[in-house]
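Read the structure below first, then the notes.
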Amino acid sequence: GAVVSQHPSWVICKSGTSVKIECRSLDFQATTMFWYRQFPKQSLMLMATSNEGSKATYEQGVEKDKFLINHASLTLSTLTVTSAHPEDSSFYICSLRGGNIQYFGAGTRLSVL
Amino acid sequence: AQTVTQSQPEMSVQEAETVTLSCTYDTSESDYYLFWYKQPPSRQMILVIRQEAYKQQNATENRFSVNFQKAAKSFSLKISDSQLGDAAMYFCAYRTANRDDKIIFGKGTRLHILP
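Top to bottom, those sequences are chains A and B.
The first sequence lines up with residues 2 to 114 when you count with our numbering.
The second sequence lines up with residues 80 to 194 when you count with our numbering.
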């Protein structure tokens, strides 16, 4: 069964609005979760590492004020795309580590009109 | 810095035949993990196979096996008896043994299965 639950799977929003994506760990207490962005026909690009109870660690070039991450519990991390614009349209994937295996959510397709 | 290179953007194989996907990596670490992930059209990332660097024996999972050459820093994936459901993007990935380290992905190889 699924280890990671990610919602929503697809969201369409107007430019300027904020969108929240949830990532839930179903089987593990995840102190660390990862957020990726994937452009069409490209690989996964790590955006940030979400740490339970503390601030997320962002990769170089990723705007932390644009992509707000909250990891308030051991089973939930959220990514909020603030004031979304068409260039934020992409596929976002969350991930967590269970043992030595990295599990992935089913992804969220964000379309900003 | 660690890097993962997949030199084959696309490959095709006849159904029931065998195909090998290439992957090389660069690291100065001695202990690490290597993975092959499959991303079908649904875009759900699925772990195909993993290899611990300290293990000399090549990992095998049913029709999937790897050829791990540590000295050459090579980690190829062999798919035997290819099936239509194997059509997907395949990503080679690397992670150090440090549990907090991020996983590094190659650019991927798109595999087409010809009926």
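Cβ atoms here follow ideal geometry from the backbone N, Cα and C, with glycine treated the same way.
The beta carbon of residue 160/B lies closer than 7 Å to those of 95, 142 in the same chain, with the five residues before and after it left out. For residue 142/B, no chain A residue has a C-beta closer than 9 Å to its own C-beta; the minimum C-beta separation is roughly 20 Å. Taking 9 Å as the CB threshold, residue 182/B lines the interface with chain A.
Note on geometry: alpha-carbon atoms of residue 138/B and residue 18/A lie some 47 Å from one another. Contact note: residue 45/A reaches chain B through 184, using a C-beta cutoff of 7 Å and chain order. Less than 9 Å separates the beta-carbon of residue 80/A from that of residue 93/A.
In this model, residue 51/A and residue 136/B are separated by some 34 Å (Cα to Cα).
Along the region 61 to 85 of chain A, none of the residues has a CB nearer than 9 Å to a CB of chain B. Contact of residue 124/B with chain A is assigned, a C-beta pair being separated by under 9 Å. Judged by DSSP secondary structure, residue 49/A falls within the beta strand (DSSP E) whose first and last residues are 45 to 52. Taking C-beta atoms under 8 Å as the contact rule, residue 145/B and residue 158/B fail to qualify, at a distance of about 11 Å. Rounded to the nearest angstrom, the gap between the Cα atoms of residue 15/A and residue 69/A is 18 Å.
In the three-state scheme derived from DSSP, where H, G and I count as helix and E and B as strand, residue 180/B is classed as coil.
The C-beta distance from residue 77/A to residue 25/A rounds to 5 Å, short enough to fall under 8 Å. Under the Cβ distance rule, residue 164/B does not count among the residues neighbouring chain A, no pair being separated by less than 9 Å. The straight-line gap separating the alpha-carbon atoms of residue 152/B and residue 114/A is approximately 45 Å. Contact between residue 22/A and residue 112/A does not hold, since their C-beta atoms are separated by about 13 Å, which reaches or exceeds 8 Å. Within the same chain, and ignoring the five residues on either side of residue 154/B in sequence, the residues whose Cβ sits closer than 7 Å to its Cβ are 102, 104, 113, 130, 145, 147, 171.
For residue 30/A, the closest of 96/A, 8/A, 90/A by C-alpha to C-alpha distance is 96/A. Excluding five sequence positions before and after residue 106/B, the CB atoms of its chain that fall closer than 6 Å to its own CB belong to 81, given in chain order. In the three-state reduction of the DSSP assignment, residue 17/A falls in the coil class. Around residue 170/B, the beta-carbon contacts reaching into chain A at under 7 Å are 44. Within chain A, the residues whose beta carbon sits less than 8 Å from that of residue 112/B are 101, listed in sequence order. What residue 35/A touches in chain B, judged by beta-carbon distance under 9 Å, is 181, 182, going in chain order.
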